[in-house]
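Read the sequence shown against this note's numbering and you will find it ends at 466, with the numbers running on by one and no gaps. Here a beta-carbon is modelled for each residue, glycine too, at the ideal position from N, C-alpha and C.
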Amino acid sequence: MSEKRTYVVLLGVPGAGKGTQAKLLEQSTGLPQISTGDIFRYNLKNQTELGKLAKSYMDRGDLVPDDVTIRMVEDRLQQPDCSCGAIMDGFPRNLIQAAAFDQMTAPYGGVHVTPLIQVDDDETIRRITGRRSCRTCGAVYHVLYNPPKVEGVCDVDGGELYQRDDDKEDTVRNRLFVYYKQTSPLIGYYFAKGLLREIDGAQSIEDVHSALMAVVTS
Ligand code: ADP
Ligand code: ADP
């Protein structure tokens, strides 16, 4: 077997706080955040072949096909910054992707832990509809819960903040449906492996981070 790596899989409904927490974990642990949504959005913005392929699925709030997504993650995990592991944000998102991820990580000791960030549906909707994202660096804000210092401007790099097209109401409803149908079975899958840890996502961003650090480092 190759050297052990630390792969953390963040689970939770869209809007639970996975991206926010993945960025904080990246700072605290040094493991890179791998957000499949961010990678797709980057490709969309730059009109690559991958971006053109992903667009119609993302616009509807459906999952991009597994073969494309899995290949994209395999490539990303081979980058040098992933040599100690990674914080997975938005992948795996169904049982096929989870099985593929098990295969990819098996030589390095498999998945370390899968924290489930739990938030109720009303709060999820409030979080998604108030979410604003930086066009250039992908930093995430909330108009009420986590506003930038200057309205509409990213604290990190001064980029423009915008509302994602798929954060509008119709698409959000479909994304939640897709989550319950395709992604939520991962909860049972990882529970059976003894990897699931439940985290109360209704706490402040800082308190969720502390709770996550406790399970990631144990
Ligand atoms: P959220 O953070 O709100 O859950 P993401 O940024 O993770 O949303 O995902 C946005 C969209 O990108 C999804 O609705 C889907 O179309 C696509 N996507 C992201 N990750 C995956 C994945 N692992 N498999 C398939 N599609 C994905
Ligand atoms: P996900 O990646 O799971 O879709 P995000 O990290 O993008 O979720 O968070 C969704 C929205 O909720 C963002 O606007 C973010 O600023 C906000 N948010 C995240 N965590 C919290 C929290 N603990 N309390 C209040 N708002 C939060």
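Three-state class that DSSP yields for residue i in the structure shown
i           : result
residue 292 : helix
residue 465 : coil
residue 275 : helix
residue 328 : helix
residue 251 : coil
residue 312 : coil
residue 334 : strand
residue 445 : strand
residue 362 : strand
residue 379 : strand
residue 298 : helix
residue 432 : coil
residue 394 : strand
residue 367 : coil
residue 456 : helix
residue 351 : helix
Whole-number beta carbon distance between residue j and residue i, since they are thought to touch under 8 Å
i           : j           : result
residue 359 : residue 443 : 6 Å
residue 404 : residue 264 : 22 Å between Cβ atoms; not a contact.
residue 287 : residue 337 : That belief does not hold up - the Cβ atoms of residue 287 and residue 337 are roughly 10 Å apart, past 8 Å.
Reference residue i; option with closest CA among the options
i           : options               : result
residue 213 : 257, 296, 294 and 289 : The shown model of the chain, from 249 to 466, leaves out residue 213, and the question about it has no answer.
residue 419 : 301, 308 and 393      : 308
residue 273 : 348, 335 and 452      : 335
residue 415 : 379, 403 and 351      : 379
residue 328 : 253, 451 and 399      : 253
residue 410 : 421, 450, 395 and 448 : 395
residue 438 : 342, 301 and 381      : 342
residue 376 : 421, 441 and 452      : 421
residue 266 : 462, 423 and 364      : 364
residue 392 : 374, 407, 382 and 401 : 374
residue 317 : 331, 333 and 298      : 298
residue 447 : 306, 250 and 261      : 261
residue 432 : 451, 315 and 339      : 339
residue 284 : 301, 462, 312 and 276 : 312
Exposure label - residue i; buried when at least 16 CB within 10 Å
i           : result
residue 361 : buried
residue 496 : Residue 496 lies beyond the residue range present for the chain, which begins at 249 and ends at 466; the question has no answer from this structure.
residue 296 : exposed
residue 319 : exposed
residue 326 : exposed
residue 465 : exposed
residue 428 : exposed
residue 269 : buried
residue 383 : exposed
residue 449 : buried
Open item on the list: Three Cβ pairs or more, each shorter than 8 Å: is that satisfied between the stretch 376-393 and the stretch 340-358?
Closed with: no
TODO: Please confirm if the stretch 445-465 is in contact with the stretch 342-351, defined as three or more CB-CB distances below 8 Å between the two stretches.
DONE: no
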